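A.B. asks:
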Amino acid sequence: MTLLIYTLYQKELQKRQEFQMAVDMIRTVLVGIDPVYIDKEDLEILAAAQNISEEMRYFANKNDELQKEIDILIENLNDGWVIYERTLYWFSSEVASWMDAQKNCELEGANLLSAESVEEQLFVSTEVQNLKKVYWIGVFKDKGGTWKWLSGKIASETYWNYYEPNREPNHDCIAMSFDCYYNKCWMAVKCDLPINYVCKKVPKDTWL
Numbered sequence: 008m009t010l011l012i013y014t015l016y017q018k019e020l021q022k023r024q025e026f027q028m029a030v031d032m033i034r035t036v037l038v039g040i041d042p043v044y045i046d047k048e049d050l051e052i053l054a055a056a057q058n059i060s061e062e063m064r065y066f067a068n069k070n071d072e073l074q075k076e077i078d079i080l081i082e083n084l085n086d087g088w089v090i091y092e093r094t095l096y097w098f099s100s101e102v103a104s105w106m107d108a109q110k111n112c113e114l115e116g117a118n119l120l121s122a123e124s125v126e127e128q129l130f131v132s133t134e135v136q137n138l139k140k141v142y143w144i145g146v147f148k149d150k151g152g153t154w155k156w157l158s159g160k161i162a163s164e165t166y167w168n169y170y171e172p173n174r175e176p177n178h179d180c181i182a183m184s185f186d187c188y189y190n191k192c193w194m195a196v197k198c199d200l201p202i203n204y205v206c207k208k209v210p211k212d213t214w215l
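Residue numbers (our numbering): 8 to 215.
(1) Could you give the DSSP three-state label for Trp97: helix, strand or coil?
(2) Please specify which runs of the alpha helix (DSSP H), each continuous and at least 4 residues long, are wholly inside the region 85 to 159, giving them in chain order.
(3) By Cβ distance below 7 Å, which residues in the same chain neighbour Ala108 in space, the five residues on each side in sequence not counted?
(4) Taking all protein chains shown into account, do 16 or more other C-beta atoms lie within 10 angstroms of the C-beta of Asn190, making it buried, or fewer, making it exposed?
(5) Using 8 Å as the cut-off, can you tell me whether the region 128 to 142 makes contact with the region 170 to 178, which would need three or more C-beta pairs spanning the two stretches below that distance?
(6) Please return the same chain residues whose Cβ sits closer than 7 Å to the Cβ of Trp167, not counting the five positions on each side in sequence.
(7) Under the three-state reduction of DSSP, which class applies to Leu209: helix, strand or coil?
(8) Is Glu92 buried or exposed, if buried means 16 or more other CB atoms sit within 10 Å of its CB?
(9) What is the residue span of the beta strand (DSSP E) that Ser184 lies within?
(10) Inspect the beta-carbon positions of Cys187 and Tyr96 and report whether they are closer than 9 Å.
(11) Measuring straight from C-alpha to C-alpha, what distance separates Val209 and Thr94?
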């Protein structure tokens, strides 16, 4: 009986020694990261190690997500998308009505262009002028006669071409012309006209 107790005691002692060695090793690693851990209690060391392990697992998962987004981004660029200020733009080669153009953009996870700044408007108008085509963008006239972006936001900053907007009936959608001065390229046209279009894909948080 005494021998059994002694054997169990030795095994328990060995376990404790191995446990302490493991804690000391973890402490050494943590101190290498931040010296503040040198005087921490064993339980604090284990808690800190668990937190760091969970953080590493989180960032590993985020890294996998980021890699997937990078792969998608590269695929998009290979498909003819243009990148500007971390945002993707696609200047279509096919034509469609304004409504169908928006549907086509949605199929690509995008929307018809909504310019958020003068700089973005200048970038797009420059591309349009270089391509020498007319392109739909995401502005339309509501029933009250107000020009709005697809988001519903009023287009308070406008870039009308000469003699625009056209006030004839049913000229309720905006296209961007290549025949314009500087970035004043907007023109009001009938929404059912088949013309090219610009899709805009806003970046996801993992791209940033």
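For each residue, glycine too, the CB sits at the ideal point set by N, CA and C.
Because the structure is a prediction, the values reported are computed rather than measured.
C.D. replies: By the coordinates alone:
(1) Taking the first residue of the sequence shown as position 1, residue 97 is located at position 90. Residue state for Trp97 is assigned as strand, using DSSP reduced to three classes.
(2) 105 to 114, 125 to 138
(3) Numbered from its first residue, the sequence shown carries residue 108 at position 101. Answer for Ala108: Leu119, Trp143, Tyr204, listed in chain order.
(4) Against the sequence shown, residue 190 aligns to sequence position 183. Flag for Asn190 reads buried.
(5) no
(6) What you label residue 167 is simply residue 160 of the sequence shown in a count that begins at 1. Within the same chain, Trp167 has close Cβ partners Lys191, Trp193.
(7) Counting from one through the sequence shown, the residue named residue 209 turns up at place 202. The question names Leu, yet the displayed sequence has Val at residue 209. Residue state, collapsed to three classes: coil.
(8) The residue given as residue 92 occupies position 85 in the sequence shown. By the 10 Å Cβ count, Glu92 comes out exposed.
(9) Taking the first residue of the sequence shown as 1, we reach residue 184 at position 177. Unbroken beta strand (DSSP E) run through Ser184: 180 to 188.
(10) Residue 187 sits at position 180 when you count from the first residue of the sequence shown. Residue 96 sits at position 89 when you count from the first residue of the sequence shown. No. Outside cutoff.
(11) As a working note, residue 209 is residue 202 in the sequence shown. As a working note, residue 94 is residue 87 in the sequence shown. Answer to the nearest angstrom: the Cα atoms are 5 Å apart.
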